[in-house]
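Asks:
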Amino acid sequence: MLDVEELLELEDNIRKELDDHLPAALSMLNRTGELEAFLKMLGMEDLLQSKPLYQVHGDVFAYEADGKTCYLHRPSRTTIAAASVVGKEDPFKFAEIVLANCWLGGDEELRTEDRYFMGLSQKISEIIEIKVGEIKKL
1 MLDVEELLEL EDNIRKELDD HLPAALSMLN RTGELEAFLK MLGMEDLLQS
51 KPLYQVHGDV FAYEADGKTC YLHRPSRTTI AAASVVGKED PFKFAEIVLA
101 NCWLGGDEEL RTEDRYFMGL SQKISEIIEI KVGEIKKL
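Residues in the sequence shown are numbered consecutively from 1, following the numbering used here.
Structure follows, in structure tokens:
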């Protein structure tokens with residue numbers, strides 16, 4: 001068991017690291033079924049009563065790289081149209097616009113550091129849903 005001084009130091013260290021690790025930790029707690037118990041321990045169980053992201057934004061996607069995670073929703077037609085206009089000249093601008101409009105949260109490095117941004121931008125097409133039907137001559 002830690003003494004008071006050690007506990008305070010641990011708390012400071014956790015607070016410094018929390019933003020970088022929280023999305024991955026919440027994802028793990030959710031997958032293992034321990035999220036509700038974790039939130040109850042923090043006195044935040046009422047957060048589970050709010051609408052889930054998928055009910056607000058439709059489909060929600062998680063992207064992970066090197067232990068970093070971000071959450072995106074499917075882009076709207078308006079977002080795709082705006083990104084397509086700019087994307088003709090600069091393909092990375094297409095990804096920037098889509099990410100800016102679909103970003104729900106997560107590790108900011110995934111969209112600010114070039115090495116992560118380039119990897120994420122290659123996956124943008126996976127969140128764009130296109131349904132093609134058939135045309136029949138009548």
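Backbone N, C-alpha and C define an ideal beta-carbon position, used for all residues, glycine too.
Quick caveat, the model's predicted, so the values are computed rather than measured.
Under DSSP, the beta strand (DSSP E) around L72 begins and ends at which residues?
Replies: For the purposes of this step, residue 72 is taken as residue 72 along the sequence shown, with counting starting at 1. Element bounds for L72: 68–73.
Asks: Using the Cα positions of C102 and G33, report the straight-line distance between them to the nearest angstrom.
Replies: For the purposes of this step, residue 102 is taken as the residue at position 102 of the sequence shown. For the purposes of this step, residue 33 is taken as the residue at position 33 of the sequence shown. C-alpha separation (whole angstroms): 27 angstroms.
Asks: Return the Cβ separation of L110 and A65 in integer angstroms, given the expectation that the two are a contact with Cβ distance under 8 angstroms.
Replies: Counted from its first residue, the sequence shown places residue 110 at position 110. Counted from its first residue, the sequence shown places residue 65 at position 65. Contact flag correct, Cβ pair sits at about 7 angstroms.
Asks: DSSP state of E126, grouped into three classes?
Replies: Taking the sequence shown and counting its residues from 1, one reaches residue 126 at position 126. Here E126 sits in helix by DSSP.
Asks: Are the region 73–86 and the region 115–123 in contact at 8 angstroms, needing three or more beta carbon pairs?
Replies: The answer is no - the region 115–123 does not touch the region 73–86, with fewer than three Cβ pairs under 8 angstroms.
Asks: On the three-state DSSP scale, how would you describe G119?
Replies: As a first step, residue 119 is located in the sequence shown; it is residue number 119 there, counting from the start. Correct three-state label for G119: helix.
Asks: For a test of the three-state rule: what should DSSP assign to L138, helix, strand or coil?
Replies: Within the sequence shown, residue 138 is the residue found at index 138, counting from 1. DSSP places L138 in coil when its eight states are reduced to three.
Asks: What number of angstroms, rounded off, separates the C-alpha of E126 from the C-alpha of D107?
Replies: Taking the first residue of the sequence shown as 1, we reach residue 126 at position 126. Taking the first residue of the sequence shown as 1, we reach residue 107 at position 107. For E126 and D107, the distance between alpha carbons rounds to 19 angstroms.
Asks: Spell out a yes or no on whether the region 1–9 and the region 27–44 are touching, meaning 3 or more CB-CB pairs, one atom from each, closer than 8 angstroms.
Replies: Segments in contact, no.
Asks: Please classify Y54: does DSSP put it in a helix, a strand, or coil?
Replies: The count along the sequence shown starts at 1 and reaches residue 54 at position 54. Residue placement at Y54 cannot be trusted, given a pLDDT of 49 that sits under 50; what the coordinates show is reported in the next sentence. Reduced to three states, the DSSP call for Y54 is helix.
Asks: Please classify I135: is it buried, with 16 or more other beta-carbons within 10 angstroms of its beta-carbon, or exposed?
Replies: Here residue 135 corresponds to residue number 135 of the sequence shown, with the count starting at 1. So I135 counts as exposed.
Asks: Mind checking which residues open and close the beta strand (DSSP E) that includes G106?
Replies: Position 106 of the sequence shown, counted from the start, is the residue given in the question as residue 106. Its beta strand (DSSP E) spans residues 103–106.
Asks: Helix, strand or coil for V98, going by three-state DSSP, please let me know.
Replies: On the sequence shown, residue 98 is found 98 positions in, with the first residue counted as 1. Helix, per DSSP.
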